[in-house]
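In this note's numbering, the protein residues as written are 858 to 1012.
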């Protein structure tokens, strides 16, 4: 099998992190944590105040939310590193995740990714792990201009 090395200094990425997002109508964050054996980096309960601004339509959370973000766990600019963290921690127990889905939870992995050119990479092993976990993955892409005077670009 081919080895896939993570490049923490991924040249065309300006910053990245990944977040497992779990929401539920009925399961609160403590129940979600108990089922998958991992504490969130952020959570809220259905009905908690989201904002104090009176001009906002949805001032209260309509669902419970449980989030595990790698934003403060790794400075790597390779999204594969961030996916490895999720796969080793909250996504490691496929049975627990299936239990969440059976109880009506919705989940996905969101990856914030800033770039100058090119794009993110994930390995076949990570694709298998994400498929086994049964989660969708989506990217929030931010194109950032190259540094002025950098003549190394191709175009």
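Glycine included, each C-beta is placed from N, C-alpha and C at the ideal position.
In chain order, what residues of the same chain lie with their CB nearer than 6 Å to the CB of residue i, ignoring the 5 residues before and after it?
{"i": "residue 1013", "result": "Any question about residue 1013 goes unanswered here, given that the chain covers just 858 to 1012."}
{"i": "residue 880", "result": "920, 922, 963"}
{"i": "residue 905", "result": "918"}
{"i": "residue 871", "result": "971, 1001"}
{"i": "residue 933", "result": "865"}
{"i": "residue 948", "result": "990"}
{"i": "residue 953", "result": "892, 893"}
Nearest-angstrom Cα distance between residue i and residue j?
{"i": "residue 930", "j": "residue 908", "result": "27 Å"}
{"i": "residue 995", "j": "residue 969", "result": "9 Å"}
{"i": "residue 965", "j": "residue 988", "result": "11 Å"}
{"i": "residue 864", "j": "residue 916", "result": "41 Å"}
{"i": "residue 977", "j": "residue 911", "result": "39 Å"}
{"i": "residue 875", "j": "residue 913", "result": "28 Å"}
{"i": "residue 938", "j": "residue 873", "result": "10 Å"}
{"i": "residue 982", "j": "residue 942", "result": "13 Å"}
{"i": "residue 877", "j": "residue 901", "result": "14 Å"}
{"i": "residue 893", "j": "residue 944", "result": "12 Å"}
{"i": "residue 936", "j": "residue 897", "result": "20 Å"}
{"i": "residue 984", "j": "residue 999", "result": "23 Å"}
{"i": "residue 986", "j": "residue 866", "result": "24 Å"}
{"i": "residue 927", "j": "residue 992", "result": "17 Å"}
{"i": "residue 889", "j": "residue 940", "result": "20 Å"}
{"i": "residue 891", "j": "residue 961", "result": "16 Å"}
{"i": "residue 980", "j": "residue 899", "result": "27 Å"}
{"i": "residue 967", "j": "residue 950", "result": "19 Å"}
Using the three-state DSSP reduction, which class does residue i fall into: helix, strand or coil?
{"i": "residue 906", "result": "strand"}
{"i": "residue 878", "result": "strand"}
{"i": "residue 986", "result": "helix"}
{"i": "residue 883", "result": "coil"}
{"i": "residue 980", "result": "coil"}
Spatial neighbours of residue i within its chain, please: C-beta separation below 8 Å, excluding the five flanking residues on both sides.
{"i": "residue 946", "result": "895, 925"}
Between residue i and chain C, is there a C-beta pair that is closer than 9 Å?
{"i": "residue 927", "result": "Absent here is chain C; the protein component of the structure consists of one chain."}
Below 8 Å, can you find three or more Cβ-Cβ pairs linking the region 955-973 to the region 881-888?
By the Cβ test, the region 955-973 is in contact with the region 881-888, since at least three Cβ pairs between them sit closer than 8 Å.
Which full runs of the beta strand (DSSP E) of 3+ residues lie inside the region 911-967, going along the chain?
DSSP runs (the beta strand (DSSP E)) wholly in the region 911-967: 921-926.
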